[in-house]
Each structure stands twice: as structure tokens, then as C-alpha cells.
Amino acid sequence: MSKGKLYLLLGALVALAYPFTPLASDYVLHVAVLVMIYMVLAMGLNIVPGFCGLLDLGFVGFYGIGAYTAGLLTVHYGLSFWAIVPLAALNGALWGVLLGAPTLRLTGDYFAIVTFGFSELVVLFLTNEIWLTRGPLGLPGIDPISIDLSWLSSLLNPAWDWYYEFDGETPYYLLAIVLVLGVYWMMGRLEDSRLGRAWFALREDPLAAASCGVNILLYKVIAFGISAAIGATAGSFFARWTLFLSPDMFKFWESFLVLCMVVLGGLANIQGALVGAIILVALGEVLRTVLPALGLPAETRFLAYGLIMILIMRFKPKGFFPAIATSGLSNPVIVRLRKRLAEQYGAKG
Amino acid sequence: MEAATQAAMQAALDPTTNAGAAPAPNKAPGAAAAESAGEPILEVRGVSKRFGGLLALGDVDYTVPRGRIMGLIGPNGAGKTTMFNCITGVYKPSVGDILFRRAPGAAPVRTNGFKPEKMTALGIARTFQNIRLFSDLTVLDNVRIGRHARTRQIFLGAVLRTRGQKREEERIVEDSMRWLDFVGLGKHALAPASGLAYGHQRRLEIARALATEPGLLLLDEPAAGMNPQETQMLDELIHRILDQGITVVLIEHDMKLVMHICDKLVVLDHGIKIADGTPEEIRRDPRVVEAYLGRGAADA
Amino acid sequence: MLEQQLVNGLTLGVIYALIAVGYTMVYGVIELINFAHGEIYMFGAFFCTTFIGAMGVPFYLAIILAMAAASLMGVLIEYVAYKPLRSSHRLAVLITAIGMSIFLQNLAMIIWGSRPRPFIQEAVPAYLSETAVRLGDVTLTWLHVFIFAVTFSMMIGLNLIINRTKIGTAMRALAQNRTAAQLMGINVNAVISFTFALGSSLGAMAGILVAVYYNSMYPTMGYVAGVKAFAAAVLGGIGSVPGAMLGGIVLGVAEALGAGYVSSLYRDGVAYAVMIAVIIFRPSGILGKAVVDKA
């Protein structure tokens, strides 16, 4: 096991144990869940600007689609969270593909503005289609997540009732850890695969990538679809956590914030996206209390986010931990190759 | 026309004036007869390419004999790279057909309108005049991406790391290393591509193209910027590529290399084919001399 | 009502057009969507009221000073943020541009507060709100006349600059081929700065006109207006100055009619929908050239 994986595992164990220690507080758990939702969002967005080099300004649109898909399916049909997640993810992917297929053949600038327009349209739709979403009034009454195994327990012993409804922050916190780890694990595998390499290739040089047989448009659409599905998954979790949705939650600012996390962590850097989410949510919490004390509106914290993006692009465009040539270095195939090269040439590759 | 320039050009067109030039030991016997012997791997039929009002290629016809080295030469702006772009699907010819026959005896495929990735899948690979590597990636990853057209795993395999996916990844590394060793870059496999010396970057680009398993390899000015020693190594590398059963077409300005290495030459000037034939024939062709030296030179 | 809607749409449309030419000119010379352009428009309005309110500058002079200040700001933005990234991946510049836009928006919020504020009415010449023409049910105030006169004369002036002057020729040369333009001895940096200055001054003018027309301005006003103007630029064909003018007018009218006859709730949606549709079905716009990736 590599050092990085070991640290990650240790970190995950500590994180899992935290709610059961005396240090646990609802505020910290709440912020931690928020951080983890942003981690998932940042990892999902990272695929498009990080792996493929395309600016996506409308990521929050898919987050919103996922959240409202989950919210509406819960409110109207009482569907279980576990059934909703795949449905929300599919719905997100569907819209990603529908939007991406016709627009991803254009240059990156156009794509950026189309994604922006799309997410604004999503907000307008959520605001104005009151019959469906209740519009600005918001969508209340979403049930919390529950684990219903009563069908199983009734088969085993009618006296048991295996039904658990999430209550308080702790179960959400634990589930969020599972979600983050799952997405993190998936991203690592995607990055170190034929698919990930195709993305990097089309980011570095589309013509050369096509000459290697990469169908540029197809692979961009796949990227956009996966990214949208991850955004929608985060949205479905968010809906069943806050239990109330309103169109305001899915405005452009959210897209910008997530993009800033990705940029801060270093484009294409999966761990970086995690770090970026922690730093910016923490910074946001601090500024939210500091700014009003200075007599400034809390929204002005975005000044700092904007500045961060400008400065990083200017001075650290590859982030603080450039991920050059690190993809898949721990893959056993590469480890074996490194050993062989070292034996053959006596130097480390 | 200044006499000195003329002399220099003629010297360039005639490698025998250069003392010590090897008499092309590897050249396939009877190269001139090759065309009639088997079906050509590529046929270019009446291809024209227009950009707005500009005629970049005008009604160009030629065939590429299988298993040989063909040179595409001509002054700057003659349309050589445009020709490559038409063959590889970057441009669609405005008029005319390009027919590709991957295996001997196979039915020819009319490739008009195919996208570059389709051409790669069919078996045509290329390098670029100004090297286009994936410079932020490792040397190995560059070649691994070259294996894209011959491998299949996309999403599920990657996420679930199925046995098939793992086996494919292992094969990709093996094959990639084989090509890296083939061009002599195996040692640098895990180094970033941007860190390679210039000559090595050219070789890496060739390895990446070879990794797509082409039947036809197009090299766009492979010797540009190389010193004589590197050019000599390139000469040797191209012959080894030929030994793999791969047909090679190259655009090149190094006349010494071209005359020495090619079995057949096609000469373009202002988008028009002005000559084709063996290096011997081309050297004597007055139209070629004129194209290179300007009007009047041929009569001199 | 149709006629009044048309007038409103046209008025908005010419203002969009003023902003849109800024996008299109910058795109023409450096192939960048300058997301911060919407903020220049907003700053124009705030500069103008600041000159009037804090320094007592008369209305027309304040407009000119605000345009000059916005030009300076545009040039500065390019110099500080975009120029150092000219050889970077396009993504880096785009991210910088969006970062700059958000930064400026919040800067304005810190300086002037986030709430909408009225334009200083006392400073606006009184005759502007008087009726100039009445045609049936349609009323045109002198402000309408002023807006049309200003925008049309600016458009004509801009066309003259682009087509008849040396610097205009240089701009067009740069749009065609930067390397070649450089080889021909064109001072690329100067031309880019000039383009930003020109586009920013027109954007600022648009901001002032809107602030006076609606008697309202706020730090986030550039956000929606910017996107709509960009949609106008796309509709007309990005890189094409006449296209941007045409696109602005078409979009303004479409929006007013859409709001009047389809649903006012989706008023802003019209611009986004038009933009996405144009980008998907006719990316070159009405008068532009193709933008499909070369690979």
C-alpha cells in the first residue's frame, strides 16, 4: 500500500470515529457534511476542466437537476433514497449528454457560455414551473434518508423491525464519507485508464489525440455525462439532507465556488479538489461571520474567490501540487515496469 | 538565378555529388517495378482541396506502392502537408477520391469524409511537422494513447477493474514498451515527454504513431532540425519500420535523405503534381529543377 | 401595445448592441470571451454617478469621464490579468476572465453596497423625460431619442474607426492572423490595448444609458446584461461588429416580444435559449465565420 493510500485510510478512520467522540458537535458535523458534498461536486466538475480542459460554468445545473429529481420523487412518490440516487444520476447524465453532444464540438469558449446559459435556464425553470416545483416558495417536506429492511426482518422474525430513519447529522456524515470515498476511488480508477488517458490526450492536443484514434467528441460527451451524473448524485444526497429545496440554491455562484475549489486544488488533481473544498468551505464560514462584522454584505466573500482564481492562473496554473506524470504511478503494472527499467538501466525511470 | 544558388540546389538534388554517400543498401530491389507488381496501398485520384478562393491542391493523382518508402517533396507551400491532412481525414478533399487498401488483395476503402480517428482505425498513422506530443504526460502515456484505436475498455471496465480491463491495461503497457524500445526510448518510459531532447521527441512521436498499428505511416518532415548523426539514425529507423511491413510516406526537405531513402518520389508545386518516379528520374526531370530553382533555370 | 413593446425592445436592443461590440471586438483580436466586460458596463454607470455625486461634474461631461475611466479599467484588466497568459492554455485565460468578472462585481459591492440605487435624477437634464414624439399609442421621450442618437452615432463612429483608420486596419489584421500581423510590424500589444479601451468605453456608455433609462443600478447588473450582450454577439456572429449590432437589436426585440406575448417569467430565458440554439444550430451566427474546433 502506498503512503498516500495509507494516509487516506487513516484519515477516513479518524473521520468515521469522530462523531462518536466527546468532541463531536452538530455544527462541525453539519459543516463537514457540507464540505463533503462540495468534495463530491469538485471531483465531479474536475473531469471537465481538469481532465478535458473545458470550462464548465453550469455545473450547478446538474446538481440542481439531481436535487429536484430526488426531492420530487420523494415528495410525490415516496421513493427510497437508494432507488433515487441512480435515477438522479441517470437524469443528470441524460441532460449532460443532451447538452454536450451538440455543443462540445465547438471551441471551449462557446462551450463555457452554453453551460452557463443552461444552468441559468435550469434555475428559471425551477423558479417558474410552480405546478411542478412550487417555484420560489421552495419544495419542503422531503423525507430524510431511511434504510428499510423490514421486508427482510419480517421474513426472519416478525418481532424485528429493521427500519432506520436518518436522524441528526451523524448518519448523514457517515454516509457522506462513504460517498466521498466512493467517488474518490472511482475518479482514481478513471484517471488511470484508457478513458482517462483519452481525456488527457484531447486536453493536451485534440488533433494529435484524434490521430491516435480518440473520437474527440464522443470522449468529451462521456466526460460531460459522467461529470453531470456525479453532480446530480451530490444533488440527490443534498435534497435528502437539507429536506428543503429552493431554486436560489442552484444559482451561478455555486458553479463558481466549485470551479474555484477545483482551480485552487490544481486542475486535474483529484486530491487537490478535496483540499480545495475544505479550504473554501472553511474560508466561506469564516468570511460569513467576519464580513458582516466589517459592515460588508456576506456575498462579498466571492471577491476572495475571484481573486484566488486570478492569482492561481497567473502564478500556479497547475496548482500547488502539479500532477504531472503521477497518474497511475501506483498501478501494479507501472510499479513492475519501474522495477524492470531500474534493473535494465540502473537508474530510476 | 545566381549560379552559386543553382549549384547548391543541384548538389542538394544529387546526392552522388556528396562524397561518401552510401548506395542505399537497404533499398528494395526493383523499386521502380514495384508499382506494377502489387496493388498500391494508397491511391490518390484527382484530389483537389480548396480553401475559399485558394487552390491548395489541384487534381493530384498518384499511388503509394505497398512496402516501400515514398517521398512527397516540393518547395514550401506546395501543398504537401495539406495532402497529408487530406489522407488522414483532417481535411476532406473538395474533389477526388482517396482509396486505401490495408491488406494486399483487400477491397479498397474510399476514405473521403472519414474523421481522423477513423483513418487511424483503418490503419493510417502520422506524425506532425511541428511535433505534437502530449507534453504534460509521460513518455509511456504518449505511446499508451497511441494504443487507443486498438483497445476497447471505456467506463465500466475502468471503474470495476474487471479482469478483461486489467489484462488489456497490461497488454497496452507491453505493446507500448515494445514500440518505445523499438525507437530506443524504453529507458525514458516514465519521464515526462516534455523533458525529452528534440531528437527523442521526434522518435517518441513516431513510436506513438507506430503504436496505432498502421499499415501506412506518414512522416511530416521527420528530419527537420536534426543533426547529421540523428538523421543517420532516422534513416536506419525508417528502414526498420519498413521491415515491420509498414509502408512509409515522408515529406522531407533534406534532399540527401530523400534521394537516398525513397523508392518513389512525388513532386508537388503550388498544389499541382509536377512529377513522380524514382529518385533517378526525378533528379533529371526539368520541371522539378524549375520548380526548385525558378523559371529559366531548367533551360540554363 | 405591440408598438410600445417594439420600442422598448429596440431601445434595449441598441444598448445590448453597444455591449455586444465590446465582446466581439475582444474576441476578434485575442479569441477570448471577456467575461469581465459586463462588469465594465456596470462600473461605467457607477463611475458616472460618482463623478456627478461626489465631484459635481455636469451630466454630459460625467458620461465622457466615465467612459474614459472605464477604458482605462479595461486596458488595465487586460494588462494585469490576460496579457501574462497569452501563451497559456486557453482554459487558464477563460478562468481568469470569469474570476475577474466575479472579483469586480464584488469590488463594486464593497465600494457602493449591494442594494440597487437610483441614478442621480437631479443631474439628468429635465427635457430627457419629456415626450418627444407621439405616434398613436406609442410615446417616445427625448431619452429614447438620446439613446438611439448616441448608439447609432457610436456605431457609425466605430465602423469608421475599424474600416477607415490605421489602427482599425491593424485590428482587423490581428483578427485574421496574429503572427502575420506581428511580422508586418503591427504593435500587437498596442492594438489589443486599444481594442479593450474602445470596447470598454462603449460598454460604459451602455451602462450609463441603462442606469438612466431604468433609473436604477446595482453591482450585479453586469451579470445578466453581459450574458445577454454576449448572446447578441453570438447571434450576430462572434468577431463581426455589424453582426453584434444586428444581434443586439434582434435579441432586444425578441425579448420584449417574448416577454409580452409568451411569458414574462422567462424574459431572461429568451436570451439564453436564443444563444444556445444559435450556438447549436448555427455557431457562425448571422454574419460570422465558423468556430468549430479545428481538430
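Residue numbers (my numbering), protein chains in the order written: chain X, 1 to 349; chain L, 1001 to 1300; chain S, 2001 to 2295.
The beta carbon of each residue, even a glycine, is placed where N, CA and C say it ideally should be.
Model, not experiment: these values are computed from the prediction.
Output yes if chain L places a C-beta closer than 8 Å to the C-beta of residue i; else output no.
i, result
"X/Gly213", "yes"
"X/Asp161", "no"
"X/Ser193", "yes"
"X/Glu204", "yes"
Against chain S, does residue i count as a neighbour if the rule is that its beta carbon must be under 8 Å from one of theirs?
i, result
"X/Arg336", "no"
"X/Met43", "no"
"X/Ile113", "yes"
"X/Leu296", "yes"
"X/Gly117", "yes"
"X/Pro247", "no"
"X/Tyr305", "yes"
"X/Glu299", "yes"
"X/Ile310", "yes"
"X/Tyr110", "yes"
"X/Thr133", "no"
Taking 8 Å as the CB-CB cut-off, is residue i touching chain X?
i, result
"S/Arg2117", "no"
"S/Thr2195", "no"
"S/Phe2046", "no"
"L/Gly1146", "yes"
"L/Pro1108", "no"
"S/Val2227", "yes"
"S/Tyr2060", "no"
"L/Gln1201", "no"
"L/Ala1078", "no"
"S/Pro2283", "yes"
"L/Met1083", "no"
"S/Ser2200", "no"
"L/Met1177", "yes"
"S/Ser2153", "no"
"S/Ser2043", "With the sequence shown as reference, residue 2043 of chain S is identified as Phe, and Ser is not the correct amino acid for it. Not closer than 8 Å to any Cβ of chain X, the Cβ of S/Phe2043 fails to qualify, so no."
Given a threshold of 16 other Cβ atoms within 10 Å of its Cβ, counted over all protein chains shown, does residue i qualify as buried or as exposed?
i, result
"X/Trp82", "exposed"
"X/Met249", "buried"
"X/Asn215", "buried"
"S/Tyr2060", "exposed"
"S/Thr2131", "exposed"
"L/Gly1077", "exposed"
"S/Met2297", "Residue 2297 of chain S falls outside the range modelled here, since chain S spans only 2001 to 2295, and no answer is possible."
"X/Asp167", "exposed"
"L/Glu1236", "exposed"
Got a sec? Which residues, its chain only, sit under 7 Å from residue i by beta carbon, not counting five neighbours each side?
i, result
"L/Asn1112", "Lys1092, Pro1093, Asp1097 and Ile1098"
"X/Phe20", "none"
"S/Ser2216", "Pro2116 and Pro2118"
Starting from residue i and walking both ways along the alpha helix (DSSP H), at which residues does that stretch end?
i, result
"L/Asp1181", "Arg1163 to Phe1182"
"L/Val1267", "It is not in any alpha helix (DSSP H) - L/Val1267 instead sits in the beta strand (DSSP E) that spans Lys1264 to Asp1269."
"S/Leu2235", "Met2221 to Gly2236"
"S/Met2217", "S/Met2217 -> no alpha helix (DSSP H), and no H or E assigned at all."
"S/Phe2119", "Careful: S/Phe2119 lies outside any alpha helix (DSSP H) and carries neither H nor E."
"L/Gly1096", "From DSSP, L/Gly1096 is part of no alpha helix (DSSP H) but of the beta strand (DSSP E) over Val1095 to Phe1100."
What is the residue span of the beta strand (DSSP E) that residue i lies within?
i, result
"X/Ser146", "Ser146 to Asp148"
"L/Ser1048", "Leu1042 to Phe1051"
"L/Ile1238", "First-last for L/Ile1238: Pro1228 to Asp1243, but that is the alpha helix (DSSP H), not the beta strand (DSSP E)."
"L/Glu1117", "L/Glu1117 -> not in any beta strand (DSSP E); alpha helix (DSSP H) instead, spanning Pro1116 to Leu1122."
"X/Tyr164", "Tyr163 to Glu165"
"S/Tyr2027", "Looking at the DSSP string, S/Tyr2027 is not in any beta strand (DSSP E); the run it does join, the alpha helix (DSSP H), is Leu2002 to Ile2030."
"L/Ile1274", "Ile1272 to Gly1277"
"S/Ala2132", "Thr2131 to Leu2135"
"L/Tyr1062", "Leu1054 to Val1064"
If contacts are defined as beta-carbon pairs under 8 Å, then residue i and residue j qualify, I think. What distance do you get, rounded to the angstrom?
i, j, result
"X/Thr127", "X/Gly135", "5 Å"
"S/Met2073", "S/Leu2198", "In fact, because the Cβ distance is near 13 Å, the residues do not count as touching under 8 Å."
"S/Leu2158", "S/Val2021", "6 Å"
"X/Ala198", "X/Ala210", "Wrong, their Cβ atoms sit about 11 Å apart, outside the cutoff."
Whose C-beta lies closer than 8 Å to the C-beta of residue i among residues of the same chain, with five residues either side of it excluded?
i, result
"S/Glu2031", "Arg2090"
"X/Tyr110", "Thr103"
"S/Arg2282", "none"
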